[in-house]
Amino acid sequence: MTVKGELAAHPTNREGHRERARPRRKRWSLETLILVPILAYLAVFYVYPLARILLLSVYGPRLTFDHFLRMVTVPVYTQVLMRSFRIALLVTVLSLVLGYPVAYLLSNLKPRQVALLMPVILVPFTISVLVRSYAWMAILGRQGLVNTLLGWLGLTQQPLEILYNEFGVLLGMVHILLPFFILPAYSVMIRIDRDLLKAAYIMGATPARGFLEVFLPLSLPGIIGGGLLVFIQALGFFVTPALLGGPQDTMISMLIELQISQLLNWGFAAALSSVLLIATLGGFMLLTRIVRVSILWGEAR
Amino acid sequence: MAVRRLIGWWFSGAMGALALVGILSGPALAQKGEVVIVTYGGTAADALREAHWKPFTAETGIVVREETPPTPAKVKAMVESGNVVWDIVEMDLNWIISLQKAGNYLEKIPVNQLPPKYVAALDREAINEYGIGAFYWAWVMAYRTDVFKAGNRPKSWADFWDVKRFPGPRTLQDSPGSNMEFALLAAGKKSDGLYPLDPDQAFKKLDEIRPSIKKYWDTGALAPQLLADKEVFLGSVYSGRIKHLQDQGIPVEIEWNQGLLNLDYWTIVKGAKNFNNAIKLIGYMLDPARQAKFAKLIPYGPVNKEALPLISPEVARQLPSYAENKKRMILYNSEWWGPHREELNERWQQWKLKTK
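Same order as they appear, the protein sequences are chains A and B.
Numbering-wise (my numbering), the first sequence opens with residue 1 and increments by one.
Numbering-wise (my numbering), the second sequence opens with residue 302 and increments by one.
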């Protein structure tokens, strides 16, 4: 599997050190040269539009903070933002609970077994989010797969209400975002030196204690990396909650879409987007206070 | 140094690729003899193509290029960036008003350049400064006939609100427009005095129906889907979407009484590259015979009054502009909504969040 190969190709810490120890001056120009296209790409297609959006939120036709004032004074915007955070947090926790054991299992398998199982996780990636969300509608509906089956078996008298409410949203979002947790977690776990666990057992640790005190802390970068990927994506999710959610499951992205495509108030849409961006960065900052995020990019612990 | 040369090659290659992307994605040269029309696609576009576009190309040699879907945001972006690739865009009056309020994004329609005999036969509301009527559609009530049997069927929005006589999950559009009108009609307002709408009274009435609304539909396809899957037993729908279900044998029926009549317009984007061809095509589509053919293919109402007599009664009965249907409906008042849309959308979003 190529994907596995890529994941495994990350340099270990030790190799990283060796690279850093080399003399730098000569490599510098080469490195810069390699970086130029991607930096130019980011500047043109990411930094510049983002700056325009931030500007649009306070300027048009003249400097104004009305948009931000409206966001604070009209309760619906903060309420929906809080809801979005709640859903994103729940999705992240569920992905962690469901994804960690899967990643753990994968990391303990032989490469050939992994090659068999990895497609199961990756194949859903090849199907669009829209199609997968529609598929859930067919499965969860009153006359859907689940309710028909339960009715046949005589387990339920009335169809279960599992679509068009928060349950449906969480199920759909976790299904779509789970691989984003499993893959980073797995890539960290396969690099954990299993001899450390053996050492713990020799010292008299039970398997549970060995896991909790040796394996779990070492897998933390994977948990944080995967969790962040899931959380940030979940915060801006649009299609799945729109299709599977009920009347109250409004996400902030839906209000932004309403302002952009229906009401044409781009200034206000930009302000809403800016707040979402700032809130996301704020959450990230908060995380750096709790854990050392630098372990994500492999700084020596 | 081999590595260095390699990177040099790679670098120039990457730059070349970037340049190539720039050239390829640049504005395509405006060709003579084409017109770009933007509609919602699907079966409506199939009908438009069959009734209007194919004969238009055959007669004039002008190629009709189709795009989908129309969004006012894209019109705004195109005009602002100076890269207008659309000519004719289908949109309702709400969007025309929003766009012209936000700036100047649409061309004025030179009515004197359209065939006078067609213009003379148009309904009054089909002629707007920035658009010419495309076809009528309506928000109507639709229900499952296997749930509500003959003799006990909802006939008004007061019935829709009556959850004791007509129990079951319902759907409404995810928008204050149409829902506020229906709430006020359910509260006993007369059709004549409906506008200006009373938001306080409308939202109070909406509170009553909230527990029975299972889902607010956002795209026009969702409401018929909910009815077909029996997720809801009744709801508001776009009138043109029900025939498709009936053709599949799904037991659903439309109640035209107290429906909300609206129409889509053909508009021309400001700075459209094929302005003259666009005017030609818009004029061509006003022909009564072709409008009749279109209505036979999909149940949307013609705007040319001379088209209706050309349609057989059984087809005409499914059209929103059929006299029997039209007189029981209310014309949606976009002018009233114009200045109220933003504020009432905010209030709608706030209202939706409240728990039962």
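Every residue gets a Cβ at the ideal spot worked out from N, C-alpha and C, and that includes glycine.
For residue i, the nearest candidate out of the options (CA to CA)
{"i": "residue 83 (chain A)", "options": "A:233, A:272, A:250", "result": "A:250"}
{"i": "residue 169 (chain A)", "options": "A:267, A:137, A:47", "result": "A:137"}
{"i": "residue 584 (chain B)", "options": "B:469, B:567, B:393", "result": "B:567"}
{"i": "residue 275 (chain A)", "options": "A:103, A:216, A:80", "result": "A:80"}
{"i": "residue 191 (chain A)", "options": "A:216, A:204, A:87, A:176", "result": "A:216"}
{"i": "residue 131 (chain A)", "options": "A:243, A:281, A:110", "result": "A:243"}
{"i": "residue 388 (chain B)", "options": "B:497, B:335, B:448, B:474", "result": "B:335"}
{"i": "residue 589 (chain B)", "options": "B:572, B:431, B:610, B:577", "result": "B:610"}
{"i": "residue 603 (chain B)", "options": "B:576, B:345, B:550", "result": "B:345"}
{"i": "residue 87 (chain A)", "options": "A:171, A:120, A:272", "result": "A:171"}
{"i": "residue 222 (chain A)", "options": "A:71, A:103, A:167", "result": "A:103"}
Backbone CA spacing between residue i and residue j [nearest angstrom]
{"i": "residue 464 (chain B)", "j": "residue 236 (chain A)", "result": "37 Å"}
{"i": "residue 381 (chain B)", "j": "residue 65 (chain A)", "result": "23 Å"}
{"i": "residue 329 (chain B)", "j": "residue 379 (chain B)", "result": "Any reading at residue 329 (chain B) is ruled out, since the residue's pLDDT is 43, under 50, leaving its predicted position unreliable."}
{"i": "residue 263 (chain A)", "j": "residue 134 (chain A)", "result": "27 Å"}
{"i": "residue 228 (chain A)", "j": "residue 570 (chain B)", "result": "43 Å"}
{"i": "residue 579 (chain B)", "j": "residue 257 (chain A)", "result": "30 Å"}
{"i": "residue 562 (chain B)", "j": "residue 479 (chain B)", "result": "10 Å"}
{"i": "residue 600 (chain B)", "j": "residue 621 (chain B)", "result": "8 Å"}
{"i": "residue 434 (chain B)", "j": "residue 428 (chain B)", "result": "6 Å"}
{"i": "residue 211 (chain A)", "j": "residue 99 (chain A)", "result": "17 Å"}
{"i": "residue 281 (chain A)", "j": "residue 68 (chain A)", "result": "18 Å"}
{"i": "residue 481 (chain B)", "j": "residue 508 (chain B)", "result": "11 Å"}
{"i": "residue 592 (chain B)", "j": "residue 351 (chain B)", "result": "11 Å"}
{"i": "residue 49 (chain A)", "j": "residue 362 (chain B)", "result": "41 Å"}
{"i": "residue 537 (chain B)", "j": "residue 183 (chain A)", "result": "44 Å"}
{"i": "residue 284 (chain A)", "j": "residue 166 (chain A)", "result": "25 Å"}
Beta-carbon proximity of residue i to residue j, cut-off 8 Å
{"i": "residue 94 (chain A)", "j": "residue 174 (chain A)", "result": "yes"}
{"i": "residue 339 (chain B)", "j": "residue 354 (chain B)", "result": "no"}
{"i": "residue 279 (chain A)", "j": "residue 57 (chain A)", "result": "no"}
{"i": "residue 124 (chain A)", "j": "residue 179 (chain A)", "result": "yes"}
{"i": "residue 524 (chain B)", "j": "residue 502 (chain B)", "result": "no"}
{"i": "residue 129 (chain A)", "j": "residue 32 (chain A)", "result": "no"}
{"i": "residue 522 (chain B)", "j": "residue 546 (chain B)", "result": "no"}
{"i": "residue 504 (chain B)", "j": "residue 648 (chain B)", "result": "yes"}
{"i": "residue 377 (chain B)", "j": "residue 406 (chain B)", "result": "yes"}
{"i": "residue 634 (chain B)", "j": "residue 423 (chain B)", "result": "no"}
{"i": "residue 357 (chain B)", "j": "residue 582 (chain B)", "result": "yes"}
{"i": "residue 628 (chain B)", "j": "residue 612 (chain B)", "result": "no"}
{"i": "residue 514 (chain B)", "j": "residue 443 (chain B)", "result": "no"}
{"i": "residue 535 (chain B)", "j": "residue 455 (chain B)", "result": "yes"}
{"i": "residue 114 (chain A)", "j": "residue 650 (chain B)", "result": "no"}
{"i": "residue 177 (chain A)", "j": "residue 230 (chain A)", "result": "yes"}
Below-8 Å beta-carbon distance, residue i vs any chain A residue
{"i": "residue 447 (chain B)", "result": "no"}
{"i": "residue 419 (chain B)", "result": "no"}
{"i": "residue 340 (chain B)", "result": "no"}
{"i": "residue 642 (chain B)", "result": "yes"}
{"i": "residue 571 (chain B)", "result": "no"}
{"i": "residue 514 (chain B)", "result": "yes"}
{"i": "residue 437 (chain B)", "result": "no"}
{"i": "residue 506 (chain B)", "result": "no"}
{"i": "residue 501 (chain B)", "result": "no"}
{"i": "residue 482 (chain B)", "result": "no"}
{"i": "residue 582 (chain B)", "result": "no"}
{"i": "residue 519 (chain B)", "result": "yes"}
Within-8 Å CB hit, residue i to chain B
{"i": "residue 49 (chain A)", "result": "no"}
{"i": "residue 168 (chain A)", "result": "no"}
{"i": "residue 240 (chain A)", "result": "no"}
{"i": "residue 99 (chain A)", "result": "no"}
{"i": "residue 142 (chain A)", "result": "yes"}
{"i": "residue 46 (chain A)", "result": "no"}
{"i": "residue 122 (chain A)", "result": "no"}
{"i": "residue 246 (chain A)", "result": "yes"}
Neighbouring residues, chain B, relative to residue i (Cβ below 8 Å)
{"i": "residue 76 (chain A)", "result": "647, 650, 651, 654"}
{"i": "residue 90 (chain A)", "result": "Near residue 90 (chain A) there are no residues of chain B at all, since even the closest Cβ is about 17 Å away, more than 8 Å."}
{"i": "residue 261 (chain A)", "result": "372, 373, 374"}
Chain-ordered chain B contacts of residue i [CB-CB under 7 Å]
{"i": "residue 151 (chain A)", "result": "Those do not exist, as residue 151 (chain A) stays about 13 Å from chain B at its closest Cβ, beyond 7 Å."}
{"i": "residue 265 (chain A)", "result": "643"}
{"i": "residue 104 (chain A)", "result": "Near residue 104 (chain A) there are no residues of chain B at all, since even the closest Cβ is about 38 Å away, more than 7 Å."}
{"i": "residue 164 (chain A)", "result": "515, 516"}
Neighbouring residues, chain A, relative to residue i (Cβ below 8 Å)
{"i": "residue 465 (chain B)", "result": "Per Cβ cutoff of 8 Å: no residues; residue 465 (chain B) is ~19 Å from chain A at best."}
Contact set between residue i and chain A, taken where Cβ atoms lie within less than 9 Å
{"i": "residue 430 (chain B)", "result": "Ordered by position in chain A, no residue passes the 9 Å Cβ test against residue 430 (chain B), which lies about 18 Å from the chain."}
Chain-ordered chain B contacts of residue i [CB-CB under 9 Å]
{"i": "residue 79 (chain A)", "result": "651, 654"}
Per-residue contacts from residue i into chain A (C-beta, under 7 Å)
{"i": "residue 660 (chain B)", "result": "Residue 660 (chain B) lies beyond the range of chain B shown here (302 to 657); nothing can be said about it."}
{"i": "residue 403 (chain B)", "result": "264"}
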